[in-house]
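The block underneath contains the structure these notes are about, expressed in structure tokens.
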Amino acid sequence: MQDDNNKNMILATVLSMLVLLAWFYFFPPEQPQLPATDQVAQSDTGIASVPAATSDTALAPTIATTPTETRDIALGKTTRLPIKTDRVEGSISLTGARIDDLKLLDYNVRLNDQSEKVTLLSPAGGPSAYYILHGFSPAGSLGFEDVPTANTVWNIENGQTLTENTPVTLNWDNGKGLLFRRTISVDADYMFSITQSVENNSPNDIALAPYGLIAQKGPIARAAYGRKESSTSGVYILHEGIVLQDGETLEEIDYSDMPDETYSDAERANLKIVDSAKDGWIGFTGKYWMTTLIPDNAAFKAVSKYTEGADRYQAEARQGIIAVPAGQTIEVSSRLFAGAKEYATIKEYGNSAGVTDFIDSIDWGLFFFITKPMFALLHFLNGIIGNMGWAIIALTFIIKALLFPLAYKSFVSMARMKELQPEMEKMKEKHGDDKAAMQKATMELYRAKKVNPAAGCLPILLQIPIFFSLYKVIFVTLELRHAPFIGWLKDLSVPDPSSILNLFGLLPWNAPDPSSFIAILSIGVWPILMGITMWLQQKLNPAPTDKTQAMIFAWMPWVFMFMLGGFASGLVIYWVANNTLTFLQQYTIMRTQGVKPDILGNMFKRFQKEDA
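Mapping to this note's numbering: the sequence shown position 230 is 247, numbers consecutive.
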């Protein structure tokens with residue numbers, strides 16, 4: 018029964034649209050209070066807290082809630098040791114031995130503009146401060162004056178530039194018999210290794226606790242989620258904020274959920290003790306970039322917190338208290354990832370460097386069981402083809418091939434239902450307006466002919482998780498950023514830049530700005546192709562006899578065209594390829610079942626009726 022086919026198609030498509038709209042939802046995210054004392058809070062686990070001296074008062078006395086310095090001025094206020102590899106460039110501040118200046122040389126801020134590279138880390142005191150600090154918390158008889166702090170000026174012991182082949186060593190003597198050293202190295206990608214040592218030349222045994230922390234000022238975080246600013250809110254498409262692996266499970270903590278300084282350690286909701294037997298880590302993750310502390314073979318307390326008075330978000334890895342007998346030296350090591358969330362790179366760190374679940378720092382989403390293998394396949398195809406757009410089309414072929422048995426069964430069922438049309442017409446004449454009798458007779462006919470009227474919905478319904486998974490892949494994976502296809506498509510992670518409003522560049526004016534209210538009408542070539550291919554797919558069957566259904570059916574391709582026109586062009590390419598392959602599959606199967614689709618007749622049937 019053709020009307021039933023169309024009802025199923027409309028129901029499934031409308032359901033797809035509703036679920037698509039439900040995918041996007043918005044959510045909005047108390048008294049300034051700086052730490053009052055410089056005390057070490059020691060828990061019964063033996064893992065110490067980072068001292069309050071690592072507040073902004075100690076990190077950079079010049080920091081204000083609203084920085085007035087430029088980044089260059091902030092950089093110039095301290096003596097620096099350069100960082101230079103093929104992939105990163107920056108410097109280490111000798112004040113505090115902070116890693117607070119890092120640019121990613123493989124990534125441009127703007128498409129095809131080499132003049133400005135992505136800046137990941139920036140110094141305290143300037144705008145968008147984002148930095149990493151390592152050190153020791155004093156314990157036992159030691160005080161803060163006995164250990165290096167964020168204001169300590171370190172000396173260069175070895176090395177003048179940090180490269181992948183030349184580590185650097187810094188030292189500081191406290192003048193009381195304790196010599197602190199810090200050796201920093203970096204690999205060919207984004208992993209830094211930090212080795213801290215304490216040489217106890219004093220007559221007394223001492224105790225202290227290593228720590229690492231990542232801090233970033235509020236504007237970076239609020240740009241993502243709008244904490245403390247109800248006027249701005251983010252779309253929940255991906256997680257940005259704290260990511261914590263405790264060795265067993267991965268936990269994601271939004272910026273808006275990070276507890277502030279009014280919480281004690283005992284009350285802090287996001288405090289975790291990470292066992293030394295596990296390879297845990299904690300850090301900040303964004304859409305494409307990440308910083309992560311990875312203590313090596315050591316238990317640590319993972320802490321996330323927000324300091325409202327300083328407007329600072331912080332991730333900490335606090336290790337246990339270590340005793341250093343007189344005349345001896347202790348050494349602790351940790352790693353720091355600071356760079357791009359490249360699939361192959363972080364996967365390799367997980368596989369060969371033992372960083373547990375590092376690949377899951379990419380937010381794979383609700384359908385991760387589909388998304389992860391889908392991107393793995395897409396990444397593989399791109400490695401063979403060398404073009405992410407063609408890789409998406411190849412992925413579409415593979416998905417259609419995997420779903421073909423179900424699609425075949427569905428299309429065969431729909432073809433058989435067309436064969437039942439004459440009998441259905443006779444039943445309508447027999448039962449007239451008796452809907453109950455008509456429904457009963459219809460179901461008996463379906464059972465006798467072994468036809469499932471719902472089978473036509475299944476391929477469309479299965480497209481929902483596939484669509485969402487591919488949307489997630491295209492939105493959050495770095496490999497789609499600035500990835501070109503053909504012609505004018507230079508970045509598959511953004512919408513098609515062409516516009517029907519200037520005849521795709523033929524008219525002498527630009528497309529409207531995306532913030533303009535008419536931007537929704539400014540659709541490009543690929544969204545139009547998507548609408549056309551969806552419309553052609555419909556024309557394999559006659560329009561529904563019911564006028565309301567026919568109207569919904571007629572408008573649906575063009576509604577979807579405008580709805581999805583603002584989506585990433587990579588996703589629209591998938592949709593065009595999927596529609597085209599679905600059309601070819603259905604046409605072929607219908608012909609093998611003895612049904613000859615009258616595509617041209619279905620296209621112009623409306624005009625034929627008007628002429629008649």
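C-beta atoms are modelled at their ideal positions from N, C-alpha and C, and glycine is treated no differently.
Since the structure is predicted, the reported quantities are computational estimates derived from the model, not experimental observations.
- Which residues in the same chain as residue 591 place their Cβ atom closer than 7 Å to its Cβ, once the five residues preceding and following it in sequence are excluded? The residue labelled residue 591 in the question sits at position 574 within the sequence shown. These residues qualify, in order along the chain: 409, 413, 487.
- Alpha carbon to alpha carbon, how far is residue 361 from residue 208? Give it in angstroms, no decimals. As a working note, residue 208 is residue 191 in the sequence shown. As a working note, residue 361 is residue 344 in the sequence shown. The alpha-carbon atoms of residue 208 and residue 361 are separated by roughly 14 Å.
- Run through DSSP, which three-state label would residue 488 get? Within the sequence shown, residue 488 is the residue found at index 471, counting from 1. In this structure, residue 488 counts as helix in the three-state DSSP scheme.
- Label residue 126 either buried or exposed according to how many other C-beta atoms from any shown protein chain fall within 10 Å of its C-beta, with 16 as the threshold for buried. In the sequence shown, residue 126 corresponds to position 109, counting from 1. Burial call: exposed.
- Residues bridged to residue 147 (per DSSP): Residue mapping note: residue 147 aligns to position 130 of the sequence shown, counting from 1. Note: residue 147 sits in a beta bridge opposite 139, 233.
- Check whether the Cβ atoms of residue 493 and residue 255 sit closer than 9 Å, and answer yes or no. The residue given as residue 493 occupies position 476 in the sequence shown. The residue given as residue 255 occupies position 238 in the sequence shown. In this structure, residue 255 lies closer than 9 Å to residue 493 by Cβ.
- Let me know the secondary structure DSSP gives residue 516 once reduced to three states. Reading the sequence shown from its first residue, position 499 is the one you call residue 516. Residue state, collapsed to three classes: coil.
- Message: Going by DSSP, what residue range makes up the alpha helix (DSSP H) through residue 173?
- Response: Along the sequence shown, one-based indexing puts residue 173 at 156. Unbroken run through residue 173 is the beta strand (DSSP E), 172-175; no alpha helix (DSSP H).
- Message: Please report the straight-line C-alpha distance between residue 200 and residue 145, rounded to a whole angstrom.
- Response: Here residue 200 refers to the residue found at position 183 when the sequence shown is read from its first residue. Here residue 145 refers to the residue found at position 128 when the sequence shown is read from its first residue. C-alpha separation (whole angstroms): 27 Å.
- Identified DSSP bridge partners for residue 200: Position 183 of the sequence shown, counted from the start, is the residue given in the question as residue 200. Residue 200 pairs with 186, 212.
- Tell whether a beta-carbon distance below 9 Å holds between residue 297 and residue 344. Taking the first residue of the sequence shown as 1, we reach residue 297 at position 280. Taking the first residue of the sequence shown as 1, we reach residue 344 at position 327. Result no, Cβ atoms of residue 297 and residue 344 do not sit closer than 9 Å.
- Item | Host alpha helix (DSSP H) of residue 6 (start-end) | In the structure displayed, the chain extends from 18 to 629; residue 6 sits before or after that span and is not available.
- Message: What does the alpha-carbon distance come out to for the pair residue 86 and residue 140?
- Response: Here residue 86 corresponds to residue number 69 of the sequence shown, with the count starting at 1. Here residue 140 corresponds to residue number 123 of the sequence shown, with the count starting at 1. In a straight line, the C-alpha of residue 86 is about 10 Å away from that of residue 140.
- Task: Pull up the distance between the alpha-carbon of residue 18 and that of residue 442, whole angstroms please.
- Result: Numbered from 1 along the sequence shown, position 1 holds the residue referred to as residue 18. Numbered from 1 along the sequence shown, position 425 holds the residue referred to as residue 442. Legend: pLDDT at residue 18 = 43, less than 50; position of this residue unreliable, value from coordinates given subsequently. C-alpha separation (whole angstroms): 9 Å.
- Query: So the alpha helix (DSSP H) residue 597 belongs to, where does it begin and stop?
  - Reply: In the sequence shown, the residue the question calls residue 597 occupies position 580. From DSSP, the alpha helix (DSSP H) with residue 597 extends over 586-609.
- Item | Beta carbon of residue 321 nearer than 9 Å to that of residue 270 | The residue given as residue 321 occupies position 304 in the sequence shown. The residue given as residue 270 occupies position 253 in the sequence shown. Going by C-beta atoms, residue 321 is nearer than 9 Å to residue 270.
- Excluding sequence positions up to five away, which residues of its chain have a Cβ less than 6 Å from the Cβ of residue 235? Start at 1 with the first residue of the sequence shown, and residue 235 comes out as number 218. Counting only Cβ-Cβ distances below 6 Å, and skipping sequence neighbours, we find 328.
- Message: If you reduce the DSSP assignment to three classes, tell me which class residue 220 lands in.
- Response: Within the sequence shown, numbered from 1, the residue matching residue 220 stands at position 203. In the structure shown, residue 220 sits in coil (DSSP, three-state: anything other than H, G, I, E or B).
- Message: Whole angstroms are fine: how far does the CA of residue 143 sit from the CA of residue 585?
- Response: In the sequence shown, counting from the first residue as 1, residue 585 sits at position 568. In the sequence shown, counting from the first residue as 1, residue 143 sits at position 126. Approximately 34 Å, taken between the alpha carbons.
- Looking only at its own chain, which residues have a Cβ that is under 7 Å from the Cβ of residue 550, when we skip the five neighbours before and after it? As a first step, residue 550 is located in the sequence shown; it is residue number 533 there, counting from the start. Here the set comprises 593, 596, 597, 600.
- Message: Here's a check: name, in chain order, each residue in its chain whose Cβ is nearer than 6 Å to the Cβ of residue 366, leaving out the five neighbours to either side.
- Response: As a first step, residue 366 is located in the sequence shown; it is residue number 349 there, counting from the start. Once the five neighbours on either side are set aside, the close Cβ partners of residue 366 are 372, 375.
- Message: Is it the case that the stretch 329-349 contacts the stretch 223-232, given that we only count it when at least three CB pairs across the two stretches are under 8 Å?
- Response: yes
- Query: Using CA coordinates, which residue listed in 330, 406, 147, 98 is at the minimum distance from residue 513?
  - Reply: The sequence position of residue 513 within the sequence shown is 496, counting from 1. Among 330, 406, 147, 98, the Cα nearest to that of residue 513 is on 406.
- Message: DSSP three-state label for residue 86, please.
- Response: Residue numbering aside, residue 86 sits at position 69 when the sequence shown is read from its first letter. Three-state DSSP puts residue 86 in coil, outside helix and strand.
- Contacting residues, own chain, Cβ-Cβ under 6 Å from residue 506 (five flanking each side not counted): Locating residue 506 in the sequence shown gives position 489, where the first residue counts as 1. These residues qualify, in order along the chain: 586.
- Message: So the candidates are 553, 498, 567; which of them puts its Cα closest to the Cα of residue 124?
- Response: As a first step, residue 124 must be located in the sequence shown, where it is residue number 107. Nearest option by C-alpha distance: 498.
- Query: Taking buried to mean at least 16 other C-beta atoms within 10 Å of its own C-beta, is residue 379 buried or exposed?
  - Reply: Walking along the sequence shown from the start, residue 379 turns up at place 362. By the 10 Å Cβ count, residue 379 comes out buried.
- Query: Going along the chain, which residues of its own chain have a beta-carbon closer than 6 Å to the beta-carbon of residue 347, five neighbours each way excluded?
  - Reply: The residue given as residue 347 occupies position 330 in the sequence shown. Excluding residues within five positions, the ones whose Cβ falls inside 6 Å are 215, 339, 341.
- Are residue 305 and residue 233 close, meaning C-beta to C-beta below 9 Å? To locate residue 305, count along the sequence shown from 1; it is residue 288. To locate residue 233, count along the sequence shown from 1; it is residue 216. Cβ atoms of residue 305 and residue 233: not closer than 9 Å.
- If you draw a straight line from the alpha carbon of residue 617 to that of residue 610, how long is it in whole angstroms? By 1-based counting over the sequence shown, the position of residue 617 is 600. By 1-based counting over the sequence shown, the position of residue 610 is 593. Each residue's Cα considered, the two are about 20 Å apart.
- Message: Relative to the C-alpha of residue 556, which candidate in 607, 540, 485 has its C-alpha closest?
- Response: Here residue 556 refers to the residue found at position 539 when the sequence shown is read from its first residue. Checked all of 607, 540, 485; the closest Cα to residue 556 is 607.
- Could you check where the beta strand (DSSP E) with residue 333 kicks off and where it finishes? Residue mapping note: residue 333 aligns to position 316 of the sequence shown, counting from 1. Start and end: 329-336.
- DSSP beta-bridge partners of residue 348: Working through the sequence shown from its first residue, we reach residue 348 at position 331. According to DSSP, which records beta bridges pairwise, residue 348 is partnered with 214.
- Pick helix, strand or coil for residue 243, following the three-state DSSP scheme. Taking the first residue of the sequence shown as 1, we reach residue 243 at position 226. Residue placement at residue 243 cannot be trusted, given a pLDDT of 39 that sits under 50; what the coordinates show is reported in the next sentence. Here residue 243 sits in coil by DSSP.
- Query: Can you give the Cα-Cα distance for residue 5 and residue 219, rounded to whole angstroms?
  - Reply: One cannot answer for residue 5 here, as it falls past the ends of the chain, which runs 18 to 629.
- Message: According to DSSP, simplified to helix, strand and coil, what is residue 274?
- Response: If you number the sequence shown from 1, residue 274 lands on position 257. If DSSP states are grouped into helix, strand and coil, residue 274 belongs with the helices.
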